[in-house]
Amino acid sequence: MKEPKIIFLYSQSPRSGHNFVAEVIRKVVKCNTPIGERSEIPLAPILKDYLKAIKSYYKSVGGDDYLNDLFLGDLRKKIINNNGTCLIKYTSFMGANESLSIFKDDLHIVSLRDPKDCLLSLFKGMKEKKGMKSILKKILKPTGIYHYSYARKYAKRVELVLPDLNNFNIIKYESLVLKESNELQRLIHLFHAEITVEELSRRIDEIQVINTSFYKEETNAKGIWDASVKTKSFNSINRRKGFNKLQLFGIDLGSKSLRKKLGYIQ
111 MKEPKIIFLY SQSPRSGHNF VAEVIRKVVK CNTPIGERSE IPLAPILKDY
161 LKAIKSYYKS VGGDDYLNDL FLGDLRKKII NNNGTCLIKY TSFMGANESL
211 SIFKDDLHIV SLRDPKDCLL SLFKGMKEKK GMKSILKKIL KPTGIYHYSY
261 ARKYAKRVEL VLPDLNNFNI IKYESLVLKE SNELQRLIHL FHAEITVEEL
311 SRRIDEIQVI NTSFYKEETN AKGIWDASVK TKSFNSINRR KGFNKLQLFG
361 IDLGSKSLRK KLGYIQ
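Each residue of the sequence shown is one higher than the one before, counting from 111 in this note's numbering.
This is the structure:
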């Protein structure tokens, strides 16, 4: 890229592969992260709340202009001057539309992952707690009822803040994992990068796996947040191992509407 830009990366939820997508972006274009490579910066939801607030207060002549100049006037300049081209990521779509309206000249990327795979990873990473609620969960888990209920709530939360995808650059996690040539080429074109598809593919192979719920089965990591080289058993797409048929059915049914909206099923 000739001029410094802010790269906004919005992903649907935790366990959506956003760290991997961010690493791929860094392999394409040199960009800094304001407060650490794995950091989540809730700039988008804060902007959403700000715009909501100025619409709700008692109006004075010139009030909006004054506040916008005070809070937004030099915001982009500050971010760029401190970081150059930088990547700001957050694990929610909340505020994506508002960020787009304020930072019109920057790159806004929505990262998608099949909700079913996000949910499988979330379930795998859940820790058991003591109490009556946890006992009830244990009873319901083998039946798939708990999985259906959780998946349905998850889908509704994401759908509630889902932006108009037509206005954003879309990256599918699965396409990057599979290193699909057309997707890699599109990414190279998006950032005006001087790199071949073959070179980008090799760079992706170098990325270490982090934040996987399946670290015991698929990586050599000692813990869920450890960066580690993936093993041959690493499979982040369409996992099924460790879940019975009723649980998988519950997840499929509960996430069906969201999977349709994100283009994962017809």
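Virtual Cβ for every residue (Gly too), placed ideally from N, Cα, C. All figures in this text were calculated on a predicted structure; none of them were measured in a lab.
For this session: Note the first and the last residue of the continuous beta strand (DSSP E) segment covering Phe-118.
Result: 116 to 121
Quick one, which of Ile-198, Gly-173, Lys-140 and Ala-154 has its alpha-carbon nearest Ile-116's? Ile-198
Classify Ser-221 as helix, strand or coil using the three-state DSSP reduction.
strand
Contacts around Ile-164, its chain only, beta-carbon distance under 7 Å, and the 5 residues preceding and following it disregarded: Asp-174 and Leu-177
| query | Relative to the alpha-carbon of Gly-218, which residue among Leu-275, Gly-127 and Gln-318 has its alpha-carbon at the smallest distance? | reply | Here residue 218 turns out to be His, not Gly, going by the sequence shown. Checked all of Leu-275, Gly-127 and Gln-318; the closest Cα to His-218 is Leu-275.
_If you reduce the DSSP assignment to three classes, tell me which class Tyr-160 lands in._
helix
So, is His-257 buried or exposed, given that buried needs 16 or more other C-beta atoms within 10 angstroms?
buried
I need the boundaries of the alpha helix (DSSP H) containing Lys-140, first residue and last residue. No alpha helix (DSSP H) holds Lys-140; DSSP gives it neither H nor E.
Backbone CA spacing between Val-131 and Tyr-283 [nearest angstrom] = 7 Å
Taking the alpha carbon of Gln-122 as the point to measure from, which residue in Leu-294, Glu-290, Asp-227 and Val-287 has its own alpha carbon closest? Asp-227
**Item:** Close Cβ partners of Phe-301 (< 7 Å) along its chain, the five nearest in sequence each way excluded
**Value:** Met-111, Val-138 and Val-139
| Counterpart residues of Lys-351 in DSSP-defined beta bridges | Paired residues: none, contrary to the question.
### Task
Identify which residue in Ile-255, Pro-252 and Leu-229 has its Cα closest to the Cα of Ala-265.
Leu-229
Could you tell me which residues DSSP pairs with Tyr-200 in its beta bridges? Tyr-120
Query raised in the report: Going by beta carbon distance, what residues of the same chain come within less than 7 Å of Gln-295, once the five residues before and after it are set aside?
Result: Val-307
| said: Suppose you measure from the CA of Leu-210 to the CA of Pro-252; what does that come to, to the nearest Å? | reply: 43 Å
I need the straight-line Cα distance from Asp-216 to Pro-225, nearest angstrom please.
27 Å
Cutting at 8 Å between CB atoms, please list the residues of its own chain near Gly-268, excluding the five before and the five after it.
In the sequence as presented, Gly is not what sits at residue 268; that position holds Val. Within the same chain, Val-268 has close Cβ partners Gln-122, Ser-123, Phe-203, Pro-225 and Leu-368.
Check your understanding: If you compare alpha carbons, which of Arg-125, Leu-310 and Ile-317 is closest to Met-101?
Key -> There is no way to answer for residue 101, as the model of the chain reaches only from 111 to 376.
First and last residue of the beta strand (DSSP E) that includes Ile-280? 279 to 282
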